[in-house]
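Asker:
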Amino acid sequence: MTPIALRKINVMRYITPLREGGSLPALAEADDDFKYVLKFRGAGHGIKALIAELLGGEIARYLGLAVPELVFATLDEAFGRTEADEEIQDLLKFSQGLNLGLHYLSGAITYDASVNDCDELLASKIVWLDAFITNVDRTFRNTNLLIWHKELWLIDHGASFYFHHSWNNWEASAITPFALIKDHVLLPKATKLEEAHKEFTSKLNEDVLRKIVALIPEDWLLWEDHSITPEAIRNVYFQFLMTRLQNADLFLKQAQDARKVLI
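Take the sequence shown: its letter number 95 is residue 95 in full-length UniProt numbering, and every next letter is one higher.
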């Protein structure tokens, strides 16, 4: 497998906040003349949300799901000084350095389960992915799915890997069957979970997961509230993913049982 790498861009212009996001992401323009949805290190859950976004997005991409390109986005210290909104100015001030950007899908519309259809295998794959990465935020209230050029695109994985907000007993979190899958917006359509399970457990392996975890910048692993080293933190994410992969039957059965309750 060839090495995985993300492009690096410099943020040139802050366009507008996207206030529907709890972490106050923003639309911005970069030095490559493309627009990006920026996720800031100075927001709510900080760099841990960026790590979850990075890992969740790149795992989804490797598995063949449609995810906007992720880029490392550098924010200069002078950026945002002219911003009139004090809340945004503070956010930009505390986000100097390396942030994360998602390529902006211009014209995309939010997926609505009551209006839009979804292929059963694709729905099953997305449900499996979210159970694997413990993503609590793909519900009817907040689907985090976009329709762009008649395709379904996955966004916003920052609420995944929620074990890292307490960092206690990650081993137990790694083998949870993930009961919250019952709230997944695509669960009613996920009739081919077994097929998705077989495909994804054959694709994912130690080499793939090591290379995806290795993408986490050192700068995002200097946690002030922990004495643990960046390399040790990376290893916990890797071990968490490997443990979940090795115990994938647990969350597969949980999703299947949750579907039985629905139907």
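Glycine included, C-beta positions come from ideal geometry on N, C-alpha and C.
All values derive from a computational prediction rather than experimental measurement.
Look at the alpha carbon of VAL127 and the alpha carbon of ASP156, and state the distance between them as a whole number of angstroms.
Answerer: Taking the first residue of the sequence shown as position 1, residue 127 is located at position 127. Taking the first residue of the sequence shown as position 1, residue 156 is located at position 156. In a straight line, the C-alpha of VAL127 is about 15 Å away from that of ASP156.
Asker: In or out: ARG7 buried (at least 16 other Cβ within 10 Å) or exposed?
Answerer: Numbered from 1 along the sequence shown, position 7 holds the residue referred to as residue 7. Its Cβ having fewer than 16 others within 10 Å, ARG7 is exposed.
Asker: Quick one: using the 10 Å Cβ neighbour count with 16 as the cut-off for buried, is VAL261 buried or exposed?
Answerer: Your numbering for residue 261 matches position 261 in the sequence shown. It is exposed - the Cβ of VAL261 has fewer than 16 other Cβ atoms within 10 Å.
Asker: Which runs of the beta strand (DSSP E) spanning at least 3 residues fall entirely within the segment 46-102, listed in chain order?
Answerer: 70-75
Asker: Starting from the Cα of LEU121, find the closest Cα among PHE178, GLU53, PHE200, GLU224 and give me that residue.
Answerer: Here residue 121 corresponds to residue number 121 of the sequence shown, with the count starting at 1. Checked all of PHE178, GLU53, PHE200, GLU224; the closest Cα to LEU121 is PHE200.
Asker: With three or more beta-carbon pairs closer than 8 Å as the criterion, would you say the segment 184-201 touches the segment 220-230?
Answerer: no
Asker: Could you round the C-beta distance between LYS39 and LEU50 to whole angstroms and report it? I think they count as a contact, below 8 Å.
Answerer: Here residue 39 refers to the residue found at position 39 of the sequence shown. Here residue 50 refers to the residue found at position 50 of the sequence shown. Rounded, the Cβ-Cβ distance is 6 Å, consistent with contact.
Asker: Please confirm whether ASN99 and ARG41 have their CB atoms less than 7 Å apart.
Answerer: Translated into positions along the sequence shown, residue 99 becomes position 99. Translated into positions along the sequence shown, residue 41 becomes position 41. Yes. Within cutoff.
Asker: Which value, in whole angstroms, describes the spacing of the CA atoms of GLU86 and THR139?
Answerer: As a working note, residue 86 is residue 86 in the sequence shown. As a working note, residue 139 is residue 139 in the sequence shown. Rounded to whole angstroms, GLU86 to THR139 spans 32 Å at the Cα level.
Asker: Would you kindly work out how many angstroms separate the C-alpha atoms of ILE160 and ARG61, rounded to a whole number?
Answerer: As a first step, residue 160 must be located in the sequence shown, where it is residue number 160. As a first step, residue 61 must be located in the sequence shown, where it is residue number 61. In the sequence as presented, Ile is not what sits at residue 160; that position holds Ser. So the two alpha carbons sit approximately 15 Å from each other.
Asker: Could you check if ASP90 is buried or exposed, using at least 16 other CB atoms within 10 Å of its CB as the buried criterion?
Answerer: For the purposes of this step, residue 90 is identified with residue 90 of the sequence shown, where counting begins at 1. That one is exposed.
Asker: Output the boundary residues of the alpha helix (DSSP H) element that contains LEU154.
Answerer: Stepping through the sequence shown from its first residue, residue 154 is reached at position 154. Element bounds for LEU154: not the alpha helix (DSSP H) but the beta strand (DSSP E), 151-154.
Asker: Taking only three categories from DSSP, how would you classify VAL11?
Answerer: Residue 11 sits at position 11 when you count from the first residue of the sequence shown. Three-state result, VAL11: strand.
Asker: Where does the unbroken beta strand (DSSP E) through TYR36 begin, and where does it stop?
Answerer: Here residue 36 corresponds to residue number 36 of the sequence shown, with the count starting at 1. Looking at the DSSP string, the run of the beta strand (DSSP E) that includes TYR36 is 35-39.
Asker: For LEU63, count neighbouring Cβ atoms within 10 angstroms of its own Cβ and tell me buried if that reaches 16, exposed if not.
Answerer: As a working note, residue 63 is residue 63 in the sequence shown. By the neighbour-count rule (16 or more Cβ atoms within 10 Å), LEU63 is buried.
Asker: Can you have a look at THR134 and say buried or exposed, based on whether 16 or more other CB atoms are within 10 angstroms of its CB?
Answerer: Position 134 of the sequence shown holds residue 134. When all chains shown are included, THR134 counts as buried.
Asker: Does the beta carbon of GLY107 come closer than 7 Å to any beta carbon on chain B?
Answerer: The structure shown contains no chain B; it holds only a single protein chain.
Asker: Around the C-beta of ILE15, are 16 or more other C-beta atoms found within 10 angstroms, so that it is buried, or is it exposed?
Answerer: Position 15 of the sequence shown holds residue 15. That one is exposed.
Asker: When the distance is taken between beta carbons, is PHE178 closer than 7 Å to PHE238?
Answerer: Translated into the one-based positions of the sequence shown, residue 238 becomes position 238. Translated into the one-based positions of the sequence shown, residue 178 becomes position 178. When the beta-carbon positions are compared, PHE238 and PHE178 stay at least 7 Å from each other.
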